[in-house]
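First comes the structure, then the notes that go with it.
Residue numbers (full-length UniProt numbering): 1 to 404.
Next comes the structure, spelled out in structure tokens:
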């Protein structure tokens, strides 16, 4: 119209506005029709045989191109209508709903309220249509979860009885692993069945889990290393629950283990959680793997004492102790000739559970018997010999006494 006025052409503005409003209405109706047609094609594609899907896809592509061209024309028409003061609220709502483009039109109060009202009406319609079936689906979903939970407990008990059978040489850690895996597998399968009853397509969901697993695997390489180390520990069984071990510089009792970490309770009752890769990558010392252990103790006596007599005293102490085993026989020998003492090594064999009680009891009793029978346990000392040269030795001795 501005172009016509610039050329001096007279145009009836009222008639122009009517024609513009008519064109906007026509484009609007066509846009609504094309949108409904596209939705019908999308729904039809879900139920079309594989050999016919190509034809439906071509129709959908052609329709999308036509719809894009039409919406561009409608957008231009709406801009022109708005310039001449015509009501374009419904048109803007339609453009936003079909294109999803966020622009300044969305900030318009009328447009925003119209969109909100439309969404509320759509939700009400969906709720009225879907509530009965949705309630039934939710009830079915809850029932499936309840059945799954009960079934998981039954499967866990069956697996527990199987792996704990006397003929099954499984460690406690391996038994716990199988029980946990069986229970979680049943729960996972039941959850998938429940989600399918809600109408959720499991194909894309499982695909998403796979992609997410790859991404998480790259992000959590250390955790996967712990996982692999946990499997190796379960397979080779270097220790079990309640074993006294020394791993990664920590000494304590194994209280729990997962595929990622092992929980150690130290002798002073601290709870430490150690990553499995640190355990498997280091020396594992299992101090309770054998039922019988040897206790090694060293006692020093003075050079002036009779070591045969001291050996007899130590052997009598061992024979009098009920925790010391007769087989293998205990052993007492002269071990080392030190600077200040003759060291006797005392080696009784005991049950693993009696190790520390035996160590402490025997140490106390040998000290008590040595004191009672005149065997000296010397402290470190060194003899200094001075040669007398022109009376200098006396002077040195006097200086030493004065310094003391």
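Don't be surprised by glycine CBs; every beta carbon is placed ideally from N, CA and C.
On a predicted model such as this, the values are computed, not experimentally measured, just so you know.
Item: CB contact below 8 Å: residue 33 versus chain C; Value: Absent from the structure is chain C; it holds one protein chain and no more.
Item: Cβ pair count under 8 Å reaching 3, the stretch 280-295 against the stretch 337-355; Value: yes
Item: Coarse secondary structure for residue 198, derived from DSSP in three states; Value: coil
Item: With 16 other Cβ atoms within 10 Å as the buried cut-off, status of residue 400; Value: The predicted model places residue 400 with a pLDDT of 49, which falls under 50 and marks its position as unreliable; any figure quoted below should be read in that light. It is exposed - the Cβ of residue 400 has fewer than 16 other Cβ atoms within 10 Å.
Item: Residue from 67, 258, 60 and 266 with nearest C-alpha to residue 251; Value: 266
Item: Closest Cα partner of residue 275 within the set 23, 263, 139 and 302; Value: 263
Item: Rounded Cβ spacing between residue 375 and residue 310 (contact assumed at less than 8 Å); Value: 5 Å
Item: For residue 301 and residue 270, the rounded distance between their alpha carbons; Value: 38 Å
Item: Assigned exposure category for residue 135 - 16 Cβ within 10 Å defines buried; Value: exposed
Item: Identity of the residues DSSP links to residue 300 by a beta bridge; Value: 343
Item: Reduced DSSP category for residue 368 - H, G, I as helix; E, B as strand; rest coil; Value: helix
Item: Candidates 229, 353 and 320: closest to residue 242 by CA position; Value: 353
Item: Under the three-state DSSP convention, the category residue 37 falls into; Value: helix
Item: Cβ-Cβ distance between residue 260 and residue 223 below 8 Å; Value: yes
Item: Where residue 358 falls, given that 16 or more other Cβ within 10 Å makes a residue buried; Value: buried
Item: Residues bridged to residue 256 [DSSP beta-bridge criterion]; Value: 263
Item: Top-ranked residue by Cα proximity to residue 186, from 195, 155 and 170; Value: 155
Item: First and last residue of the uninterrupted beta strand (DSSP E) at residue 351; Value: 349-351
Item: Touch test, the stretch 66-82 against the stretch 28-44, Cβ-Cβ under 8 Å, three pairs minimum; Value: yes
Item: Meets three-Cβ-pair contact criterion under 8 Å: the stretch 317-331 and the stretch 370-385; Value: no
Item: Helix, strand or coil at residue 135 [DSSP, three-state]; Value: helix
Item: Extent of the continuous beta strand (DSSP E) run through residue 331; Value: 331-337
Item: Nearest-angstrom Cα separation, counted from residue 291 out to residue 370; Value: 31 Å
Item: Where residue 226 falls: helix, strand or coil (DSSP); Value: helix
Item: Selected residue, minimal CA-CA separation from residue 363, among 318, 160 and 238; Value: 318
Item: Helix, strand or coil at residue 247 according to DSSP, with G and I counted as helix; Value: strand
Item: Presumed contact (8 Å Cβ cut-off) between residue 284 and residue 239, rounded CB distance; Value: 7 Å
Item: Residue 14 classed as buried or exposed, judged by whether at least 16 other C-beta atoms fall within 10 angstroms; Value: exposed
Item: C-alpha distance - residue 18 paired with residue 92, whole-angstrom precision; Value: 19 Å
Item: Three-way DSSP call (helix, strand, coil) for residue 14 in this model; Value: helix
Item: Three-state secondary structure assigned by DSSP to residue 294; Value: strand
Item: Residue interval of the beta strand (DSSP E) (run including residue 272); Value: 271-275
Item: Candidates 171, 173, 199 and 181: closest to residue 141 by CA position; Value: 199
Item: Exposed unless 16 or more other CB atoms sit within 10 angstroms - verdict on residue 280; Value: buried
Item: Same chain only: Cβ atoms within 8 Å of residue 191, ignoring 5 sequence neighbours per side; Value: 145 and 148
Item: Residues near residue 27 by beta carbon distance below 8 Å, same chain, minus five either side; Value: 70, 73, 74 and 77
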